[in-house]
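Each residue of the sequence shown is one higher than the one before, starting from 111 at the first, in our numbering. Some notes on the structure that comes next.
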Amino acid sequence: IWQLFRYSKPLDIFFMILGSLSAVINGAGWPLLAIVFGSMTNTFLTQSPTSFSTSYVNKSFSNNSDSFMESSAYEKSQALVFEEMMTMYSLYYVYIGIAVFIASVTQILLWMMACERQVYEMRQKYFYQVLRHEIAWFDSHQSGDLTAKLNDDLERVREGIGDKFSMLIQYASTFVAGFIVGFIKGWQLTLVIMSLTPLLALSSAFIGKMVSTSSSREQKKYAIAGGIAEEVLSSIRTVTAFNGQDREIKRYHDALLDGMNIALKKYKYVGSAFGFTFLVLYGSYALAFWYGAKLVLDNSMTAGDVFSVFFAVMIGSFSLGNAMPHLTSVATAKGSGEKIFDIIETVPKIDPYSKEGIKPDAYTADIEFHDVHFNYPTRKGVKVLKNFSLTVKEGQTIALCGASGSGKSTIVNLILRFYDPNHGMITLGNYDLQSLNVHWLRSKIGLVSQEPILFDGSIFENIEYGHQGVSFSEVVAAAKMANAHDFIIQLPKGYDTYVGERGAQLSGGQKQRIAIARALVRDPRILLLDEATSALDAESEAIVQQALDKAQQGRTTVVIAHRLSTIKNADVICAMENGEIKEQGTHEELMEKHGIYYQLVINQVFADEGEIHSSEQESKSAAEYSMRLAKKRSSSVRAIPESFRLLSRLESEVKEENIEIPTGWEILRKSKQEWMEIVFGLFAAVITGIVMPAYAIFYSEIFNTFTMTGEALRQSAFFWSMMFLVLAIVACLGYTFRTIGFCYAGEKLTKRLRTKTFINILRQDIGWFDDAKHSTGKISTRLSTDVPMVKSAGGIRIGSVLSAIVTLLSSIVIAFIFGWKLALALMLAVPLLLLSGVLQMKTLKGNQKRDAELMADAGNVACEAIENIKTVQSLTLEKTFYERYVEKLLVPFKENKKNANVYALCYAFSQAIMFFTYAAAFRFGAYLVARNAMVPVNVYRVFFAMAFSAVSVGQWFSYLPDYAKAKLSAGLIFHLMSLEPPIDSDSKGGIKPEIKGKVKLINVSFRYPSRRNILILRGINLTVDPGKTLALVGTSGCGKSTIISLLERFYDPETGKVMIDEFDIKIMNLKYLRSQMSLVSQEPTLFNCSIKDNIIYGIEGKVNQADIEKAARIANIHDFIKQLPKGYQTMVGERGTQLSGGQKQRVAIARAIVRNPKILLLDEATSALDTESEKIVQEALDQARAGRTCIVIAHRLSTIQGADCIAVIDHGKVVEKGTHNELLNKKGFYYKLVKKQFK
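Below, the structure written as structure tokens:
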């Protein structure tokens, strides 16, 4: 535990020692109260009617008026003594209260101060060290996890080493002090009370084990269901296109059923444990009072001492229970702290902060690889480079090409020293890279990668990141060299234009040119270009390529290119395969060799990878961007504790969707099917509600018992002890059945709501899923997190609330029956008690919310740097980002120290108010007793009845946040369940005509529901005859993929008609329509099941193995599948990760063919593949097209030359139509596209 405080400074240690002493004093307050309580009880007993009657009999020796007056005077003097004594005890309560107030303020304030100072230090050290780690370390640590540690884990440490740690000391002090008081006042009775403790501990341990085992099994099952939901929602287009909804609903339902069955079993254990705990607890009271009475009879103890012991030991025992949540927080902090400290204390092998290493003044920029062997640390078994040797002379441009996975990008990583070779060495001039200073080496290299990373800030700041401290004129010069200056000065704010997160305000080409300017502003001797234009469209690519050609002049340049047209002019081209250079030379030399390079060029023919994404890709990248944004936001908001975070998320989502919040009654009505369990639970809840007031009466009857003597005392003690035992059995049964009844009802309701919601979600049209409000992450959260919250309004919590209401009402009734004046006075104290609780909650909630908002800026800086660590390290920006982070931390640090004062005062008030209430209650009780307005036993009855009712109100209040969350969640879930889609995937209506395969679009206009301001299609007219192939070409965003989406009826056109065989597809049965088509898209989506199940995905009837194999043969995948150990039963992994891109694509083609569709839709089916895979997949597609109506989208024009008709689309209109040769002869749009691509 002490390791948690390893970053404390002397002042922090002083604060913690002083705070701990205060916590000990604070904790001893209640046991001290027990001593006063015992003495006060003795005083009350002297005033009880029984005592009066005996003293009165002794005193009344005569019957004349003198003796009456004497007796009356004696009573008055007794009453005065009694009131004086009670005033003294009440003052003792007040003094203890004041001491507790002062100790509480000191305890909380000092611990929170020490905590804030240490966490401030830890955050800085952690972030500083994370940026220091080598890239190999990041390969095995996800950036999301690291930012989560910075927020979540450090927040857990903060929770565990601040006020919670001090409260742990406080409760430990209460425990120890309680038992010390117990042993001093009556060691025998203390031992008897303790005798049942092992039984409680054993049962708790046993049940804890049972519950944790079944909980983890339950979580695993529910995680499977969550995984299915996420997989389905993220691939909703594929699920919809192949009618996979019914299969997915069954999978989801079965997984939920498994989870529910385990949960129901768990609740039997939980219910029994709960019941058993109360049996032992009340049983121990029975034993204690029976034995206490025996000790009083034997004159071993006074009645007051029995109460003192009982009170002190009970408070001591309860303090252990109270300490548990804080102990959990400290244990969690310890676990989280270990991960944090590991990262802080690890020094990387490749250390960018190190001052060691040579920083030569003069060197030649020759780069040489000497017999290098390398594999990535996370994939030890895969050799990436073998015997790799290469020489790049100063000023020379070397280009590397080859299939994906051949080791090209690895060379760039090794030059930047992101990794070191396993064997061999790399030299710069005459220096081994490993002998050079890491920071110095990276500052001499400019890197431009495939996806340019820009940081949050202005264009000027982003270019300046290339070389800190450069002048404005140097930035402008670099921008001019990168062909970026002209577009920058056209922007309203020029170089001060804010680029947005990850450069979101700029286009791909603009971002890439700023990245080039950033690389050039440092005037590097070495330039590394890693597929710097592959993500751009033809238009942007030409401009960026010019900039790169300028940039290469006079620099040692290593170029990696997927598109071979961009490297024709390199001094040396190296063709790589399996981590080795197979051939090298100029473009002409290699073409003459007819080797690997020649084959790559011939296969590629047209080298335009374009920026043309399918709409699924578009929505996917948009979704990924919004997920990144969300992740970034959430990482900064994580500083708020889970419960508050949840509530604010629910509130904002309900507002966003404009949802009406249901009433509690409406939520309950959804539980109609569980009426038996609920009635059962309600009956048990009423019983458990009566237990507390009954306990209060029994407790005060014990007081009454101690006013007796001899046999009467013995009999009364035995009777009330037995009553405690009866109460124990009733409580045991009540709590057991209340828990089981409501938990069963809640769990069944959860399963039903999840299933119904999932079914309705899958009915929705694709336009609904395009909306950012319905992202995969949000909908998955609704199913996994929000649905279970609904049961808070209809499950176990209802039982607790009903019990609390019964307790409250019966307690108040009892209090008013036995002493309405005192009851009324105590009711005035209740608002004060509530106020203290509310103040404490409000301060805490306010602090945490403000804290999170203030931490958001620092979180954003951290998130941005860690997510883009390669860019940060290649630009040597570690110190810059560290300084930005520290600057953003300062405000929350100062603010938190201020807030600690307010929180400490609120906490102290809530602690001390109870002591003042005791003082007032018993003093007023004594006043009433002295004036014969009340008997002492009734003071106890009223006080304890009211005390227990306050406890029940407390329980009620603790439920309110959960109830609020339940209602909000229910609103969201009921809304999802009742949504009616415009295009209903589950509709049974519509015609099912025999389809021949003629496709016709008549004057179709369309805009996406999520982007209403952009008209995508503007009056498109197209016809495809049965069995013919139509190819659609055009630049990115012209509307090609949209046409396929309209054919699948993912959307309906705004105007015009989509016809199949003269039928408007709107009047056709939707499932039938989709079963007649098959879609193969650019990024094939496979599901986490076997190859066979993926091929027959969504087909309702039984499919013969022969038909599956026939489809696989046409798709060129059968032979590969047969070689696998499990053949067609091989699992493909999540999203098909066990297969390569080409293999996945061929399985997707087999899936399309096995349905024997009349219409085949190919949306860029080969554009994401390397040349080798593309050739095989293209052959498969050519076979698949035979005899079917086929619509093909391609931006690699070589793949569509054989189409019956090619339609060129520009800005949502068909601008040209004809065969390949006809269009070339026209020398129009198509001709220009071919020219751009053709080498």
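Every residue gets a Cβ at the ideal spot worked out from N, C-alpha and C, and that includes glycine. From a predicted model like this one, the values you see are computed outputs, not experimental measurements.
Rounded distance between the beta-carbons of residue j and residue i, thought under 8 Å
{"i": "Val93", "j": "Arg268", "result": "With the chain covering only 111 through 1349, there is no way to say anything about residue 93."}
{"i": "Val1350", "j": "Ala939", "result": "Absent from the structure is residue 1350, since the part of the chain shown begins at 111 and ends at 1349."}
{"i": "Ala1055", "j": "Ile915", "result": "The Cβ separation is near 15 Å, so there is no contact."}
{"i": "Ala1216", "j": "Ala1262", "result": "At roughly 18 Å, the Cβ-Cβ gap does not stay under 8 Å, so Ala1216 and Ala1262 are not in contact."}
{"i": "Ser890", "j": "Leu343", "result": "6 Å"}
Residue i to residue j span [Cα, whole Å]
{"i": "Gln783", "j": "Leu374", "result": "16 Å"}
{"i": "Lys1106", "j": "Arg1184", "result": "14 Å"}
{"i": "Ser464", "j": "Tyr379", "result": "57 Å"}
{"i": "Lys1108", "j": "Glu1326", "result": "21 Å"}
{"i": "Thr643", "j": "Val1134", "result": "35 Å"}
{"i": "Gln1288", "j": "Gly1312", "result": "12 Å"}
{"i": "Ile573", "j": "Val668", "result": "22 Å"}
{"i": "Gln1021", "j": "Cys853", "result": "34 Å"}
{"i": "Arg759", "j": "Asp896", "result": "11 Å"}
{"i": "His672", "j": "Ala224", "result": "56 Å"}
{"i": "Lys1323", "j": "Lys780", "result": "51 Å"}
{"i": "Ile477", "j": "Ile536", "result": "7 Å"}
{"i": "Leu495", "j": "Glu584", "result": "39 Å"}
{"i": "Thr284", "j": "Gln825", "result": "34 Å"}
{"i": "Ile979", "j": "Ala627", "result": "19 Å"}
{"i": "Ala282", "j": "Asp273", "result": "14 Å"}
{"i": "Phe565", "j": "Pro1119", "result": "31 Å"}
{"i": "Ala1036", "j": "Val302", "result": "32 Å"}
{"i": "Ile346", "j": "Tyr1161", "result": "14 Å"}
{"i": "Gly851", "j": "Trp247", "result": "50 Å"}
Per DSSP, the bridge partner or partners of residue i
{"i": "Arg1128", "result": "Ser1115"}
{"i": "Asp415", "result": "Answer is none; Asp415 lacks a bridge partner."}
{"i": "Asp1273", "result": "Ser1191 and Ile1303"}
{"i": "Cys684", "result": "Leu510 and Gln694"}
{"i": "Gly1328", "result": "Ile1316"}
{"i": "Lys1254", "result": "DSSP output for Lys1254 lists no bridge partner at all."}
{"i": "Gly556", "result": "Leu637"}
{"i": "Thr643", "result": "Note: Thr643 sits in no beta bridge, so no partner."}
{"i": "Ala1141", "result": "Val1302 and Ile1316"}
Other residues of its chain near residue i: CB distance less than 6 Å, five sequence neighbours each side excluded
{"i": "Ala383", "result": "Ile317"}
Status (buried if at least 16 other CB within 10 Å, exposed otherwise) for residue i
{"i": "Glu1284", "result": "buried"}
{"i": "His533", "result": "exposed"}
{"i": "Trp1368", "result": "This structure cannot settle anything about residue 1368, because the visible part of the chain is limited to 111 through 1349."}
{"i": "Arg116", "result": "exposed"}
{"i": "Trp930", "result": "exposed"}
{"i": "Thr507", "result": "buried"}
{"i": "Met79", "result": "Examination of residue 79 is not possible in this model, given that the chain is present from 111 through 1349 alone."}
{"i": "Glu1172", "result": "exposed"}
{"i": "Gln1255", "result": "buried"}
{"i": "Asp263", "result": "buried"}
{"i": "Gln600", "result": "exposed"}
{"i": "Gln656", "result": "exposed"}
Close beta carbons around residue i, own chain, < 8 Å, minus the five adjacent residues each side
{"i": "Phe293", "result": "Thr300"}
{"i": "Asp1203", "result": "Phe1197"}
Chain-order list of residues whose beta-carbon lies under 7 Å from that of residue i (same chain, five-residue window excluded)
{"i": "Lys331", "result": "Ala365, Asp368, Gly369 and Ile372"}
{"i": "Thr849", "result": "Tyr377, Val380, Gly381, Phe384 and Ile906"}
{"i": "Ala972", "result": "Phe237, Thr257, Leu260 and Tyr995"}
{"i": "Ile677", "result": "Ala509, Cys511, Val669, Ala671 and Ile683"}
{"i": "Asn502", "result": "Here residue 502 turns out to be Val, not Asn, going by the sequence shown. Answer for Val502: Asp476, Ile477, Ile508, Thr666 and Val668, listed in chain order."}
{"i": "Ser200", "result": "Ala1029, Phe1032 and Arg1033"}
{"i": "Ser1095", "result": "Thr350, Gln355, Leu872, Arg873 and Leu1180"}
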